[in-house]
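Residue numbers (the UniProt record's numbering), protein chains in the order written: chain B, 1 to 359; chain Z, 1 to 406; chain E, 1 to 207. Each residue gets a CB set at the ideal place from its N, CA and C atoms; glycine is no exception.
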Amino acid sequence: MSNNNKKWFSLNLGTSKKESTGSCGCGKSSGSCGSHTNAIGEERKKDGFDQVFDVKMDRRTAFRQLTASLMIGAGAVSTSCSVISDDKSKEKAQIDWEEQFKGNYKLMTDDEKKATVDRLVRSYQLRKGKNITMSSKNAEENVLFGYAFNISKCQGYMDCVSACVEENNQDRNSQMQYIRIHEMEDGKGFKFDEADDNYYHEVPAEGHFYMGTQCFHCDNPPCVDVCPVQATWREDDGLVVIDYDWCVGCRYCMAACPYDGRRFNWSTPEVPENEINNNQHYLGNRMRKKGVMEKCTFCVQRSRAGKNPACVEACPTGARIFGNLLDPNSTIRWVLENKKVFRLKEDLGTEPKFWYFMD
Amino acid sequence: MRRLKVFTSLVKDSLDTTTQGSKKYHIWMAFLTFVMLIGMYCYSIQLEFGLSVTGMTDRVSWGLYISNFTFLVGVAAAAVMLVMPTYVLKDIDFKQAVLIGEGLAVAALIMCLAFVVADMGGPSVLWHMIPGIGVFNFPNSMLTWDVIVLNGYLFLNISIPFYILFRRYQGKTPDPKIYVPGAILSVFWAVAIHLVTAFLYQGLQARPFWNNALLGPRFLASAFAAGPALIILVLAVIRTFTTFKIEDKTIKKIGMIVTVAAQINLIMLVSELFKEFYAPTHHSESAYYLFFGLHGKTALLPWIWTAIPLNVLATILLTFGKLRNNLKVLYFCCFILFIAIWIEKGFGLIVPGFIPGPYGKIAEYTPTGIEIGVTLGIWALGAFIFTILAKTAIKIETGKLQFKNK
Amino acid sequence: MTKKNYIYILGCTFIVTLFSCKHGEGEYHSINDKIEAESKNYQGTSISSESLLEDIHTIKITEGEHTFLIPERKSQITSYACTECHTKPLHELQSNDTLKKAHWDIKLAHANLNTMNCITCHNGENMDNLKSLTGNKIDFNRSHKLCSQCHNKQFEDWKGGAHGKKVAGWAPPRASMTCVNCHNPHKPGFETKWPAQYNTQKLKERE
Numbered sequence: 001m002s003n004n005n006k007k008w009f010s011l012n013l014g015t016s017k018k019e020s021t022g023s024c025g026c027g028k029s030s031g032s033c034g035s036h037t038n039a040i041g042e043e044r045k046k047d048g049f050d051q052v053f054d055v056k057m058d059r060r061t062a063f064r065q066l067t068a069s070l071m072i073g074a075g076a077v078s079t080s081c082s083v084i085s086d087d088k089s090k091e092k093a094q095i096d097w098e099e100q101f102k103g104n105y106k107l108m109t110d111d112e113k114k115a116t117v118d119r120l121v122r123s124y125q126l127r128k129g130k131n132i133t134m135s136s137k138n139a140e141e142n143v144l145f146g147y148a149f150n151i152s153k154c155q156g157y158m159d160c161v162s163a164c165v166e167e168n169n170q171d172r173n174s175q176m177q178y179i180r181i182h183e184m185e186d187g188k189g190f191k192f193d194e195a196d197d198n199y200y201h202e203v204p205a206e207g208h209f210y211m212g213t214q215c216f217h218c219d220n221p222p223c224v225d226v227c228p229v230q231a232t233w234r235e236d237d238g239l240v241v242i243d244y245d246w247c248v249g250c251r252y253c254m255a256a257c258p259y260d261g262r263r264f265n266w267s268t269p270e271v272p273e274n275e276i277n278n279n280q281h282y283l284g285n286r287m288r289k290k291g292v293m294e295k296c297t298f299c300v301q302r303s304r305a306g307k308n309p310a311c312v313e314a315c316p317t318g319a320r321i322f323g324n325l326l327d328p329n330s331t332i333r334w335v336l337e338n339k340k341v342f343r344l345k346e347d348l349g350t351e352p353k354f355w356y357f358m359d
Numbered sequence: 001m002r003r004l005k006v007f008t009s010l011v012k013d014s015l016d017t018t019t020q021g022s023k024k025y026h027i028w029m030a031f032l033t034f035v036m037l038i039g040m041y042c043y044s045i046q047l048e049f050g051l052s053v054t055g056m057t058d059r060v061s062w063g064l065y066i067s068n069f070t071f072l073v074g075v076a077a078a079a080v081m082l083v084m085p086t087y088v089l090k091d092i093d094f095k096q097a098v099l100i101g102e103g104l105a106v107a108a109l110i111m112c113l114a115f116v117v118a119d120m121g122g123p124s125v126l127w128h129m130i131p132g133i134g135v136f137n138f139p140n141s142m143l144t145w146d147v148i149v150l151n152g153y154l155f156l157n158i159s160i161p162f163y164i165l166f167r168r169y170q171g172k173t174p175d176p177k178i179y180v181p182g183a184i185l186s187v188f189w190a191v192a193i194h195l196v197t198a199f200l201y202q203g204l205q206a207r208p209f210w211n212n213a214l215l216g217p218r219f220l221a222s223a224f225a226a227g228p229a230l231i232i233l234v235l236a237v238i239r240t241f242t243t244f245k246i247e248d249k250t251i252k253k254i255g256m257i258v259t260v261a262a263q264i265n266l267i268m269l270v271s272e273l274f275k276e277f278y279a280p281t282h283h284s285e286s287a288y289y290l291f292f293g294l295h296g297k298t299a300l301l302p303w304i305w306t307a308i309p310l311n312v313l314a315t316i317l318l319t320f321g322k323l324r325n326n327l328k329v330l331y332f333c334c335f336i337l338f339i340a341i342w343i344e345k346g347f348g349l350i351v352p353g354f355i356p357g358p359y360g361k362i363a364e365y366t367p368t369g370i371e372i373g374v375t376l377g378i379w380a381l382g383a384f385i386f387t388i389l390a391k392t393a394i395k396i397e398t399g400k401l402q403f404k405n406k
Numbered sequence: 001m002t003k004k005n006y007i008y009i010l011g012c013t014f015i016v017t018l019f020s021c022k023h024g025e026g027e028y029h030s031i032n033d034k035i036e037a038e039s040k041n042y043q044g045t046s047i048s049s050e051s052l053l054e055d056i057h058t059i060k061i062t063e064g065e066h067t068f069l070i071p072e073r074k075s076q077i078t079s080y081a082c083t084e085c086h087t088k089p090l091h092e093l094q095s096n097d098t099l100k101k102a103h104w105d106i107k108l109a110h111a112n113l114n115t116m117n118c119i120t121c122h123n124g125e126n127m128d129n130l131k132s133l134t135g136n137k138i139d140f141n142r143s144h145k146l147c148s149q150c151h152n153k154q155f156e157d158w159k160g161g162a163h164g165k166k167v168a169g170w171a172p173p174r175a176s177m178t179c180v181n182c183h184n185p186h187k188p189g190f191e192t193k194w195p196a197q198y199n200t201q202k203l204k205e206r207e
């Protein structure tokens, strides 16, 4: 995979990619199992030193990954005992150790939250030499976030999708996108199965309308119920969030979501270093690792600071409206009270906080 | 102190037993080890590059691993079909088979757990799921129920045979007062593991293909067909390769169980098909995809159209007593039934649940070589564990292996 | 087993079943009930978008029952006041051929020429102001009053907040973009363009 490309940032903490597995570039090609056994065979043909060295590396990496936590622990011990290693690597090992065995963010006190955020910022600084700001701001009282989408205004420009990808540091390799814009034909109603969510032609196309979907931040979220480790939950301000470090990657929540709102990091997410958004939130757009879930958080790093989510700000047509449902004077409340609003799959009882309306 | 001594001696003796055997046995074990190594290699690749090396995507997020997991829970549950008559109804015809059945359950459960771990995105943080140390979302998440019942069942199925064998090893008769309550408990527990696993899927309003009340009962019926079918095949193998005596009567009685379960399973299948195709709604699309393909996407057709005829054929053949009592026909039927249910309950159940997706988008799923490698490795692991367990158990049961107080 | 044991087991099962109900926070029947109940005693929040609006010059307007901020306009016009060039009324300037032509690049694509021309909105007598259909003065800062003469449905939605964008954040005070912040008054329609994204990975997945 393109980890060798130095341009990309990858959050594969500590484990450097070795070249030898390059021979089995086994992305998604089928039948590659056989090719791997061949690869072993080839290695065996090599002479003495190479052979031993290669095999050793193979085993070591495999072992390291199998017992990742133990190894990090051992690393911490060995570096902190060793005289040769410098303070920085000691600190790194210390941070890795503490990060590996920290608790669930949902259950942390404010001090613990701050501590883990500080560790992550420091860790990034040590590894990349760059500073990021990361917030651990909690839900504010008297706030319940809601969202409204004007179907008659959306023109399908997909500016929201771009803005979302950039704001939330989504994996560029797999082109992960939280938002999907469905192009529907006029006069056919909401035919999602016939709609195209990956169109590429001049928009708005004649005789079509556009409808965006993303995580609806249900008030009764099925994804939260099914998570075996409470790595995802609904915050008091209505946001459904994920602790990326607590997620075990079982993808049960993905199966439970009726709205296609969740995404999985099938491999290590990669974002070009100069495109990383440094304004981060622990529950929001901080860098993820492979094997964890992620999703739209209504840009928690922005919304809890009073700003609109990136999609709302980027929309050139004003089709997206965001606000506080508890504030009787908010514009979202006016929309809910004065426009003819509806939600998707209301009969499932999930109570999404994402309404659609028309002019 | 004495118990410890007996125990160490048992461990030593069983190690001796498992490392010695005929040439065929060694070849068999070497073969399994080789497959397991391939599986481990594939898994190491998966660990390094993430689950992107599998065929799964955001659209179809569970695949071969979870399919096999679901099926194997059923196999594990099926051990109860032997435990109940022996321990509870006191039908001695089953006695010989019961330890084999429980060994099979242990192997199947270990495979289940292995498949779940293989499917995890972050196996290094699995400790988050350990109650007390991590956070266990009980009772909200059905997955936590599943963790509890699977591990509990594993414990039951290890401890009961272990107790019996431990007594036998010392030349004593096991005390029914100790193991019968356990056996009764495991009967209920077996139903629970499979029902809970069905609820795992059944409880998702997002997936109409799974969200139907018949799923749980159908899981049970198909499990009680496929599990004992596998036990019959295993017994047949044991009969030919070891001195362990298993009477025809035992096998035929298990055959009877398979038949009834397969018939019930077929009735439920008909009921499901009727509901999906007589009055098709928007929610029947997954079934359409499974059986006929949707919008030209037909990846599952060869699978399901292998499974259904095999299933029907096996059930019909088994229904006739004359055919069923012919052991060769019985073995054949068990084999095809096992394959049919593996497809139906694995691939045929998990994958269409995701197709079409929540918004009707169709993305197909084909497992990659690596995924298949890991899967084969785990099956080999199961076979390996079962062989070891069975070999020791048989030797103790036949009285060849006994504690000698030196 | 005795009868007592059975009763005991049954009791245990019952208790387990009781506790295994989903512990949803099901205080309210629906989200609407929740919003209604919890916003009854709404006290305001500590989050404010004032800091986001610091650099933006806004003015407060009251339309109907809505009071909110809109961006100030006059200071954004490159050469305001217009009367610095338009020293005389329009018809007098037009007749004078020696003066350079201005605004020649503006092509009106707003309704048709039967309905609208430049002086439907611009005040030929005093270019510093706009004018209503009935000839009343309308300030450049309050241009929405001009638009609302015809687009009254959009105006209603805009007042309430269903039409248009916010200037900065969602939090109070409310600051909405005004009509001309998004629509060019001479060419108010949105143009077709290519989508900002094309997902090749999604395409592969669907194959």
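At least one C-beta of chain Z is nearer than 8 Å to the C-beta of E/Glu-205.
Nearest to Z/Leu-99 by C-alpha distance, out of Z/Val-270, Z/Ala-279, Z/Thr-398 and Z/Ile-372, is Z/Thr-398. By the Cβ-count criterion, Z/Ile-66 is buried, with 16 or more other Cβ atoms from all chains shown falling within 10 Å of its own Cβ. For Z/Lys-400 and Z/Leu-330, the gap between their C-alpha atoms comes out near 31 Å. Listed in chain order, the non-local C-beta contacts of Z/Val-117 below 8 Å within the same chain comprise Pro-123 and Leu-126, local neighbours out to five positions each way being set aside. In this model, Z/Asn-68 and Z/Ile-193 are separated by some 15 Å (Cα to Cα). Cα atoms of B/Pro-309 and B/Met-176: separation of roughly 18 Å, rounded to the nearest angstrom. Beta-bridge partners of B/His-182 (DSSP): B/Met-211. Chain Z has no Cβ within less than 8 Å of the Cβ of B/Asn-142. From the beta-carbon of E/Tyr-198, the residues of chain B found nearer than 7 Å are Tyr-200.
Beyond the five residues adjoining it in sequence on each side, B/Cys-164 comes within less than 6 Å, by CB distance, of Tyr-178, Ile-179, Ala-310 and Cys-311 in the same chain, given in chain order. Excluding sequence positions up to five before and after B/Lys-88, its CB lies within less than 7 Å of the CB of Leu-126, all in the same chain and listed in chain order. Under the three-state reduction of DSSP output, E/Asn-184 falls in the strand class. Distance from the Cα of Z/Ile-370 is smallest, within the candidate group Z/Gly-293, Z/Phe-219 and Z/Leu-37, for Z/Leu-37. Taking Z/Ser-22 as reference, the option from Z/Thr-242, Z/Glu-276 and Z/Thr-366 with the minimal CA-CA separation is Z/Thr-242.
Z/Ile-133 and B/Ala-231 have their alpha carbons spaced roughly 14 Å apart. Those residues of the segment 199-222 of chain B placed with their C-beta closer than 9 Å to a C-beta in chain Z are Thr-213 and Pro-222, ordered along the chain. Put simply, the CB of E/Cys-182 is near chain B, with a gap under 8 Å to one of its CB atoms.
DSSP places B/Trp-233 inside the beta strand (DSSP E), whose first and last residues are 232-234. Checking the DSSP bridge columns, you'll see Z/Phe-347 has no partner listed.
At a cut-off of 8 Å, the C-beta of Z/Pro-358 has a neighbouring C-beta in chain B. Interface residue (Cβ-Cβ distance to chain B less than 8 Å): Z/Phe-49 is classified as such.
B/Ile-276 has its alpha-carbon roughly 6 Å from the corresponding atom of B/Asn-169.
B/Glu-313 carries a helical assignment under DSSP once its states are collapsed to helix, strand and coil. Look at E/Ile-106 here: in three-state DSSP terms it is coil, with no helix or strand label. At a Cβ-Cβ threshold of 8 Å, Z/Ala-97 and Z/Leu-72 do not count as neighbours. For Z/Phe-209, the closest of Z/Val-11, Z/Phe-403, Z/Thr-259 and Z/Lys-275 by C-alpha to C-alpha distance is Z/Lys-275. Taking a 10 Å sphere around the C-beta of Z/Cys-333, we find 16 or more other C-beta atoms and assign the residue as buried. Between the segment 257-269 of chain B and the segment 282-298 of chain B, the count of Cβ pairs shorter than 8 Å is three or higher; the stretches touch.
For E/Thr-45, the closest C-alpha among the options B/Leu-325, B/Glu-346, B/Asp-347 and B/Phe-354 is that of B/Leu-325.
Beta-bridge annotation (DSSP): E/Glu-54 is not paired with any residue.
Within the DSSP secondary-structure output, E/Ile-138 pairs in a beta bridge with E/Leu-130.
Given a length threshold of 3 residues, each whole run of the beta strand (DSSP E) inside the segment 24-88 of chain E is given here in chain order: 58-63 and 66-71. Scanning chain E for C-beta atoms nearer than 7 Å to the C-beta of B/Glu-351 yields Ser-30 and Ile-31, reported in chain order. Taking 8 Å as the cut-off, the beta carbon of B/Met-287 is found no closer than this to the beta carbon of B/Ser-152. Residues of the segment 327-347 of chain B with a C-beta less than 7 Å from any C-beta of chain E: Asp-327, Pro-328, Thr-331, Trp-334, Val-335, Asn-338 and Lys-339, listed in chain order.
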